[in-house]
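Data block below; observations after.
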Amino acid sequence: MPLVNTTDMLNHAYRHGYAVCAFNLINLEFLDGVLSAAESCRAPIILSFSEPHQAYYSVELLVAAAIAGAQRASIPVAIAFDHASSAVKAQAGIALGCNAVMLDVSALPLDENIRATRELVKFAHANGVSVEGILGYAPINLNEDANVTVEADINLTMPAEAKAYVERTEVNSLAITIGTHQGMLRTTPKLDIQRLSKINEAVGIPLVIHGGTGLTDDQFRKLVANGVAKVTYYTTLADVAVTAIRNQLATHKNSSYLALNGVARAAISAESERIFKLLGSGGRAAEVLTQCRSYTA
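Residue numbers for the sequence shown, in my numbering: -1 to 295.
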């Protein structure tokens, strides 16, 4: 079926108290694994492509594969270009077929962030594309060494600034920083749930969390209960895939490349099913389809 309107999808989640999972994809095993899990759980899904990862694969080829996967899917699918470093990059993502974009200029001063995001919103909305803004800053750690512990300087999102940002940019959803980390982390993050609640009250639009690494199930539930309608997910999927490959090689050291791909895909699918159920999106596909407009590039 055609892609569904991302704004409609996230608004439904926001109104009904669950969160959609956006999986950052890096290869076909990720794509196949998460789509299979979404079909099994009857869950809406966002297939996401993060610019910092794109040095490791052809985004043109993988987005095309994601579009093909969405067209044959029986569950609601949207495709997002994540962490675009510039409006030019975001527009290139739209040209590829992404129907949601996130411009990450969060390291800039607030006024510059607002100005750049507002300009992208004008372009994107004219093309039927949803825009996710971001306020607050946490560096992305792509180091996948399991022994690394991240200690990052984080600028937390301020509720008053979030309100002004949303009003001036007209973004459809807002990624915020309340203590989560993106990338590898070996300690449980300390979340500022009171801050999250105040931001939710101030902006009244779907909130987004990037960086679920290390969060407990209870922390995820508290995020969803306080306005988080989208969770971007990658690091844990990479972890379970690597663990599955290592375990396979430990017991079958002569395993073929195809066999290793198979165990990685199965692990990705199992973890995806777990997170769909945890975020409350399992079983929501049918009602979401009735509430979402279709999107055609």
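Quick reminder that beta carbons are idealized off the backbone N, C-alpha and C, glycines included.
Query raised in the report: CB residue 248 to CB residue 74, shorter than 9 Å?
Result: Residue 248 sits at position 250 when you count from the first residue of the sequence shown. Residue 74 sits at position 76 when you count from the first residue of the sequence shown. Not a contact, by the Cβ cut-off of 9 Å.
Query raised in the report: By the 10 Å Cβ neighbour count, where 16 or more other Cβ atoms means buried, how is residue 105 classified, buried or exposed?
Result: Along the sequence shown, one-based indexing puts residue 105 at 107. Residue 105 should be labelled exposed.
Query raised in the report: For the candidate residues 135, 53, 68, 37, whose alpha-carbon lies nearest to that of residue 292?
Result: Mapped onto the sequence shown, residue 292 falls at position 294. A check of alpha carbon separations from residue 292 across 135, 53, 68, 37 identifies 68 as the nearest.
Query raised in the report: Looking only at its own chain, which residues have a Cβ that is under 7 Å from the Cβ of residue 82, when we skip the five neighbours before and after it?
Result: Against the sequence shown, residue 82 aligns to sequence position 84. A distance below 7 Å between beta-carbons, with the five flanking residues on each side excluded, links residue 82 to the following residues of its chain, in chain order: 49, 88, 91, 99, 100, 101, 102.
Query raised in the report: What are the residues that DSSP puts in a beta bridge with residue 1?
Result: Within the sequence shown, residue 1 is the residue found at index 3, counting from 1. Its beta-bridge partners are 293.
Query raised in the report: Is residue 203 close to chain C, meaning its C-beta is less than 9 Å from at least one C-beta of that chain?
Result: Of the protein chains in this structure there is only one, and it is not chain C.
Query - For residue 251, three-class secondary structure by DSSP - result: As a working mapping, residue 251 is identified with position 253 in the sequence shown. Coil.
Query raised in the report: With DSSP run on the structure shown, which of helix, strand or coil describes residue 172?
Result: As a position in the sequence shown, residue 172 is number 174, starting the count at 1. Strand, per DSSP.
Query raised in the report: Ends of the alpha helix (DSSP H) at residue 231?
Result: In the sequence shown, residue 231 corresponds to position 233, counting from 1. From DSSP, residue 231 is part of no alpha helix (DSSP H) but of the beta strand (DSSP E) over 226 to 231.
Query raised in the report: CA-CA distance, residue 133 and residue 174?
Result: As a position in the sequence shown, residue 133 is number 135, starting the count at 1. As a position in the sequence shown, residue 174 is number 176, starting the count at 1. Each residue's Cα considered, the two are about 5 Å apart.
**Report entry** Cβ contact check for the segment 19 to 33 and the segment 258 to 276: 3 or more pairs under 8 Å
**Finding:** Yes, the segment 19 to 33 touches the segment 258 to 276.
Query raised in the report: Quick one, which of 39, 14, 62 has its alpha-carbon nearest residue 46's?
Result: For the purposes of this step, residue 46 is taken as the residue at position 48 of the sequence shown. Between residue 46 and the set 39, 14, 62, the nearest pair of CA atoms involves 62.
Query raised in the report: Counting pairs of Cβ atoms below 8 Å between the segment 15 to 26 and the segment 242 to 258, do you hit three or more?
Result: Contact fails: fewer than three Cβ-Cβ distances are below 8 Å.
**Report entry** Proximity of residue 234 and residue 202 at Cβ, strictly below 9 Å
**Finding:** As a working note, residue 234 is residue 236 in the sequence shown. As a working note, residue 202 is residue 204 in the sequence shown. The criterion of a C-beta distance shorter than 9 Å is not satisfied by residue 234 and residue 202.
Requested in this report: Pull up the distance between the alpha-carbon of residue 15 and that of residue 217, whole angstroms please.
Outcome: Taking the sequence shown and counting its residues from 1, one reaches residue 15 at position 17. Taking the sequence shown and counting its residues from 1, one reaches residue 217 at position 219. Each residue's alpha carbon lies about 15 Å from the other.
Query raised in the report: Going by other Cβ atoms of all chains shown within 10 Å of its Cβ, with 16 needed for buried, is residue 252 buried or exposed?
Result: One-based indexing of the sequence shown puts residue 252 at position 254. An exposed status is given to residue 252, since fewer than 16 other beta-carbon atoms sit within 10 Å of its beta-carbon.
Requested in this report: Give the C-beta separation of residue 262 and residue 239 to the nearest angstrom, bearing in mind that I take them to be a contact with Cβ-Cβ under 8 Å.
Outcome: Here the question's residue 262 lines up with position 264 in the sequence shown. Here the question's residue 239 lines up with position 241 in the sequence shown. The Cβ separation is near 4 Å, so the contact holds.
Report task. Using DSSP bridges, identify the partner residues of residue 47. Result -> For the purposes of this step, residue 47 is taken as the residue at position 49 of the sequence shown. DSSP lists 79 as partners of residue 47.
Query raised in the report: Helix or strand or just coil, what does DSSP make of residue 38?
Result: Residue numbering aside, residue 38 sits at position 40 when the sequence shown is read from its first letter. Note: residue 38 maps to helix in three-state DSSP.
Query - Own chain residues within Cβ distance below 6 Å of residue 145, not counting five before or after - result: Position 147 of the sequence shown holds residue 145. Bear in mind that the predicted position of residue 145 carries a pLDDT of just 44, short of 50, making it too unreliable to give a figure here.
Query raised in the report: From this set, 131, 186, 35, 9, which residue's C-alpha is nearest residue 275's C-alpha?
Result: To locate residue 275, count along the sequence shown from 1; it is residue 277. Minimum Cα distance to residue 275 is reached at 35.
**Report entry** Presumed contact (8 Å Cβ cut-off) between residue 17 and residue 278, rounded CB distance
**Finding:** Within the sequence shown, residue 17 is the residue found at index 19, counting from 1. Within the sequence shown, residue 278 is the residue found at index 280, counting from 1. Residue 17 to residue 278, Cβ: 7 Å. Contact.
Query raised in the report: At what residues does the alpha helix (DSSP H) containing residue 73 begin and finish?
Result: On the sequence shown, position 75 is the one that residue 73 refers to. That residue, residue 73, is in no alpha helix (DSSP H); it is neither H nor E in DSSP.
Query raised in the report: Between which two residues does the beta strand (DSSP E) carrying residue 20 extend?
Result: Indexing the sequence shown from 1 puts residue 20 at position 22. Start and end: 18 to 22.
Query raised in the report: Does the distance from the CB of residue 286 to the CB of residue 7 come in under 9 Å?
Result: By 1-based counting over the sequence shown, the position of residue 286 is 288. By 1-based counting over the sequence shown, the position of residue 7 is 9. Contact annotation: residue 286 and residue 7 have beta-carbon atoms nearer than 9 Å.
Requested in this report: Might you give, ordered along the chain, the residues of its own chain that have their beta carbon closer than 7 Å to the beta carbon of residue 38, omitting 5 neighbours on each side?
Outcome: Position 40 of the sequence shown, counting from 1, holds the residue named residue 38. Around residue 38: 271.
Query - Simplified DSSP state of residue 277, which is helix, strand or coil - result: Here residue 277 refers to the residue found at position 279 when the sequence shown is read from its first residue. Residue state for residue 277 is assigned as helix, using DSSP reduced to three classes.
Query raised in the report: Do you know how far the Cα of residue 110 is from the Cα of residue 228?
Result: Indexing the sequence shown from 1 puts residue 228 at position 230. Indexing the sequence shown from 1 puts residue 110 at position 112. Cα to Cα, residue 228 sits roughly 25 Å from residue 110.
Query raised in the report: Quick one: what's residue 206 bridged to in DSSP?
Result: By 1-based counting over the sequence shown, the position of residue 206 is 208. Partner(s): 173, 228.
Query raised in the report: Within this structure, are the beta carbons of residue 230 and residue 22 separated by less than 9 Å?
Result: As a working note, residue 230 is residue 232 in the sequence shown. As a working note, residue 22 is residue 24 in the sequence shown. In terms of Cβ geometry, residue 230 and residue 22 form a close pair [threshold 9 Å].
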